[in-house]
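Under my numbering, read the sequence shown as residues 1088 to 1385, first letter to last. Shown next, in structure tokens, is the structure this report addresses.
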Amino acid sequence: MPRIADDFLDCSLYLYPTLDDAKIGKRSGGSGFLVTVNGIIAGTPPDEAKEEPGYSSHFYAVSNRHVAEKNPIVRLNTHDGRFDVIPISHEDWTFTDYDDIAVAPVQFSQAYKFLSVNVVAFLSKETAASQDVGIGDEVFMVGRFISHDGIQKNSPSIRWGHISMVPSEPIYHHSNSNQEQEGFLVEIHSISGYSGSPVFVRPFRTEKLNLVKDPEKKRPMAVQFKALHPGGWLLGVEWGYISSHDKSTNTGVSGVVPAWRLLNLLNMDKLRMQREQIQKQQAPREGGPFQRPEKANS
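Here it is as structure tokens:
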């Protein structure tokens, strides 16, 4: 595994059952991350989205449905080295009963220290086929090692491995309505607490980030990768490790809901209508493939 840029740690957020649990850093809940949608339709290239009236970027917290249902509160880091708690309610999360993923809108704030993943970095079926993404490709996951996850601030960790199976027959998943889930299987060391983590595939040769700053600090910092190999994408959302048939053993293999399933969720009519309404009400704000809010001026 090549060196992974420390900036990836900033895409992780933690989910808790209650506000009090989040404030004291109780070791319960799960993981999540932030994504950015350009304009109204998730997946629209930035240049095309900018043609929309009132175009702006829209930020979402992402996790598993089974995590968000019981742990709706979001905690993320701030530029002052601490954290902030976002009192998202269960009703703020959008999910379906056939994919173990969930999203909730998050208000942009310059106080937050985070790196969001734009939907243009999502792996699609077409990209997977054209770039031969498949068995044996390296992956890494950014999430919450709940035994040492940070009290004064979120301190996520990175785990890595390889794709061991690509989506074909659905995987057994007890929390979905049909008890099945389209997904990748990845050989990666996961335990409880990592559910909802982003999983990235085919790391870049250098794993370095090119930070493009806006000198006027009117927009978030754009983040781009160097040296594609030949690409790097969000593979999907980790939904948990696979147990043995008698449920006594962690097999070392985890299930990942494909990024294209997350894209479908972000394009549900409800969310598209919300983005359209927001763009009618607020000033334009541009997004990039990966972006980070700047510190507020002191």
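C-beta atoms are modelled at their ideal positions from N, C-alpha and C, and glycine is treated no differently.
For L1358, the enclosing alpha helix (DSSP H) covers residues 1356-1368. Taken through DSSP and simplified to helix, strand or coil, E1139 comes out as coil. Around the beta-carbon of D1108, 16 or more other beta-carbon atoms lie within 10 Å, marking it buried. Rounded to whole angstroms, the separation of the alpha carbons of F1170 and K1200 is 9 Å.
DSSP places R1090 outside any beta strand (DSSP E), giving it a letter other than H or E. A1189: not part of any alpha helix (DSSP H); member of the beta strand (DSSP E) spanning 1189-1193, first to last residue. In this structure, the beta-carbon distance from I1127 to Q1368 does not fall below 8 Å. Put simply, of A1155, A1191, V1324, D1093 the residue whose alpha carbon is nearest the alpha carbon of R1359 is A1191. CA-to-CA, the gap between S1242 and A1092 works out to about 15 Å. By the Cβ-count criterion, Y1101 is buried, with 16 or more other Cβ atoms from all chains shown falling within 10 Å of its own Cβ. In the DSSP annotation of this structure, the continuous segment of the beta strand (DSSP E) that includes A1148 starts and ends at 1144-1150. Check the Cα spacing between W1247 and each of S1262, E1325, I1233: the tightest is with E1325.
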